[in-house]
Amino acid sequence: MKQPRDPGALGPVRKPLLQVLHLWFRMKRGLTLGVRAAAFDDKGRVFLVRHTYVPGWQFPGGGVEVDETALESMERELFEEGNVTLGAAPQLFGVYFNSRITNRDHVLLYVCRDVRCQVPKVPDKEIAETGFFALDALPETTTQSTRQRLKEIAGEDEVAQVW
């Protein structure tokens, strides 16, 4: 007896057609998606990074790669940029529009509690410095966006829509 067709499955013609349509949409309405992690250790200190290619201290993060969920991307960026791992499940805090470089970028901000760093990150071509900082002792060059997001997380300010 013939098995019924899975209505969610793509046939041999539909899959290539959808791939072409997705490519067209990407070129026509391309959107970039990034993630940032407001990562706090068990002492309430926030983990920040200073990149070699942009000024200021900021949350670790980066772009979501193909075949990667946003959560996987955030965990990967935390580890790559600081050897930081999660001790508890992160929470999606907000979705922000970021038009500083392009008018099609969105950033997902996760709040991560109880993060751990077993071995401090050695500076490399991308990361100049990393560290955990008390909220009342942030580095002087912490970016304004990072400071604003920390106020939002603390409930001291309304959550913005723009990074």
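Start counting the sequence shown at 1; every next residue gets the next number (my numbering).
Beta carbons are placed, not taken as given, at the ideal position from N, Cα and C, and that holds for glycine.
Just so we're clear, the structure is a prediction, and the values are computed from it rather than from any experiment.
Rounded to whole angstroms, what is the Cα-Cα separation between residue i and residue j?
{"i": "T85", "j": "V20", "result": "38 angstroms"}
{"i": "V54", "j": "P16", "result": "40 angstroms"}
{"i": "A95", "j": "A128", "result": "According to the sequence provided, residue 95 is Val. The question's Ala does not apply to it. Cα-Cα distance, rounded: 27 angstroms."}
{"i": "I153", "j": "Q58", "result": "15 angstroms"}
{"i": "P164", "j": "R50", "result": "As shown, the chain starts at 1 and ends at 163. That puts residue 164 outside it, with no answer to give."}
{"i": "R76", "j": "D67", "result": "13 angstroms"}
{"i": "F40", "j": "G30", "result": "33 angstroms"}
{"i": "E81", "j": "K151", "result": "23 angstroms"}
{"i": "V159", "j": "T146", "result": "13 angstroms"}
{"i": "A9", "j": "G56", "result": "Its pLDDT being 48, under 50, A9 is placed unreliably by the model, and the measurement read from it follows with that caveat. If I take the Cα positions, the gap works out to 47 angstroms."}
{"i": "P60", "j": "P139", "result": "15 angstroms"}
{"i": "K121", "j": "N83", "result": "6 angstroms"}
{"i": "R100", "j": "Q161", "result": "14 angstroms"}
{"i": "T142", "j": "T69", "result": "28 angstroms"}
{"i": "G165", "j": "A137", "result": "This structure does not reach residue 165, given that the chain is present from 1 up to 163, and the question cannot be answered."}
Are the Cβ atoms of residue i and residue j separated by less than 8 angstroms?
{"i": "F132", "j": "F47", "result": "yes"}
{"i": "W163", "j": "N103", "result": "no"}
{"i": "D114", "j": "A134", "result": "no"}
{"i": "R36", "j": "L92", "result": "no"}
{"i": "D157", "j": "Q144", "result": "no"}
Considering only the alpha carbon of each residue, which of the options lies closest to residue i?
{"i": "G63", "options": "T130, V49, D105, R50", "result": "D105"}
{"i": "V119", "options": "V111, T130, D136, L109", "result": "T130"}
{"i": "V111", "options": "L138, L33, M74, Q144", "result": "M74"}
{"i": "L33", "options": "V107, E72, G61, K43", "result": "V107"}
{"i": "P90", "options": "T143, R116, L71, E65", "result": "L71"}
{"i": "A38", "options": "K125, R116, E126, K121", "result": "R116"}
{"i": "T52", "options": "K125, R45, N83", "result": "K125"}
Would residue i count as contacting chain B if we go by Cβ distances under 8 angstroms?
{"i": "W57", "result": "No chain B is part of this structure, which consists of one protein chain only."}
At which residues does the alpha helix (DSSP H) containing residue i begin and terminate?
{"i": "L150", "result": "144 to 153"}
If I follow the unbroken beta strand (DSSP E) through residue i, where does it start and stop?
{"i": "G82", "result": "Where G82 is concerned, there is no enclosing beta strand (DSSP E), although the alpha helix (DSSP H) it sits in stretches over 70 to 82."}
{"i": "E129", "result": "127 to 133"}
{"i": "L92", "result": "91 to 98"}
{"i": "D67", "result": "Run containing D67: none; DSSP gives neither H nor E here."}
{"i": "Y53", "result": "Run containing Y53: none; DSSP gives neither H nor E here."}
{"i": "V122", "result": "Where V122 is concerned, there is no enclosing beta strand (DSSP E), given that its DSSP letter is neither H nor E."}
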